[in-house]
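Reading through the structure tokens given below for one structure.
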Amino acid sequence: MHKQIHTLLVILILSLVSGCAGMGYPKNAEDFRKSAHMAPSMFNRVRTFEVSRPFNEVSATLRKKSAECLNVSYEWHNSNGRHGIVTFKPTFIADKSHAELHIQKKAEGGRTEIVIGGVPEGGEYRIVLDATPESSSVTNINLYVFSSIDDRFLANTVTDWVKGTNLGCPDFT
Amino acid sequence: MVQNMRMRKFFLCIVLMCLGISGCASFKEYKNEAPKNFRVSAEIEPGTFFTKTTVELHLYRMNGSCTQEYLGAIRLSDKPIEVGIEPGQKTYLKFLFTKVRSNSVSELEYGTIVTPKHGAHYQAEAKYAGRRYEVRVREVGPQGGTIQDFERQYLNCKDS
């Protein structure tokens, strides 16, 4: 037992010394973008692609679908008697030449996790999407995605929204 | 002991699946008596032996911003159903997707509010495929063109 605590302490000290802890968890969308470049292994890569739709349409779709589909919470129970609530928080920001969607996820209950530096208000950043006009009919997309299976599912959903190929809401249950 | 627990869980799952599939849980059928002004259909991906998704439309008469009276429900299928909702009656339409799996049952809701106008016609479509759901409720013109889309609405009060 003492040996385990000793090992844990050594790992923590090494993390602090090496600067891992200093990086902490992304506190905002800009931190999240930077983290994707600094620690790509934690991310499902940065997806960069173009869609053949005008920027205004892409922006309008993101605004509508994020409000419609992502202001959700769900409660889960498992056979061990544990339960918890997961809440998603979308933030959509846009002007004439740029649109961005941030998706945060807050998990309450279930297992305990230690997050260095704490979790930002609204939950952990899981996805950040940036859209900018390339031409009158083409829009550039940069999509930053965390690495879990659910994040990839969410990333595929927002990718279909910007492409206009599937406007369905994700079922997180 | 562990085997007994497993057997109990197995039977519980079977019971849950039966309840979900057969719909023998309490179900109040909507009295579809008003002049038909809503055409409702669903498109649900085919289930497997272990998973089945169904969708129901639940209707509530509303007063103010909260539901007041539960009117009943209709099970939806790919065959369109003609539904009558009293014109002028503010109605909360709740589409309830139920997913029954071998070890769990989950539900998700999509709601909107419609006050049908005299002589107007409406259409609603509910879809579920690949862990994505989509509902569209709209007022349609004589040629089927969209006059108005009804957005998703979340109620901030308990059903009465």
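For the record, the sequence lines run as chains A and B. Heads up: the first sequence is residues 1 to 173, going by our numbering. Heads up: the second sequence is residues 1 to 160, going by our numbering. Note that beta-carbon positions come from the ideal geometry of N, C-alpha and C, so glycine has one too. Here the structure is a predicted model, which is why all the values come from computation and not from measurement.
Closest option to R82 (chain A), judged by alpha-carbon separation, among A:R126, A:L129, A:L143 and A:E108: A:E108. Closer than 8 Å at the C-beta level to chain A, one finds these residues of the segment 86-105 of chain B: F97, K99 and N103.
In terms of Cα proximity to L154 (chain A), the closest of A:T139, A:S136 and A:L101 is A:L101. Within the model, the alpha-carbon separation for Y110 (chain B) versus V55 (chain B) is close to 11 Å. Under the three-state reduction of DSSP output, L59 (chain B) falls in the strand class. At least 8 Å separates the beta-carbon of L71 (chain B) from that of L93 (chain B). Residue environment: R126 (chain A) is assigned as buried (16 or more neighbouring CB atoms within 10 Å of its CB, all protein chains considered).
For N156 (chain A), the enclosing alpha helix (DSSP H) has its first and last residue at I149 to K163. Listed along the chain, the chain B residues whose CB falls inside 9 Å of the CB of E124 (chain A) amount to none; the nearest CB is some 21 Å away. For F32 (chain A), the closest alpha carbon among the candidates A:R152, A:N156, A:E134 and A:P120 is that of A:P120. Shown here, V58 (chain A) sits in a helix according to DSSP, grouped into three states. The contact set of Y133 (chain B) on chain A, defined by CB atoms closer than 7 Å, consists of G168, C169 and D171 in chain order. Listed by position along chain A, the residues whose Cβ is nearer than 7 Å to that of L108 (chain B) are D171 and T173. For the pair of segments examined, the segment 48-59 of chain A was found to touch the segment 135-149 of chain A: the number of CB pairs separated by less than 8 Å reaches three. Rounded to whole angstroms, the separation of the alpha carbons of C69 (chain A) and D78 (chain B) is 23 Å.
Here T139 (chain A) is bridged, per DSSP, to A:V51 and A:P133. A Cβ-Cβ contact shorter than 8 Å links P35 (chain B) with G84 (chain B).
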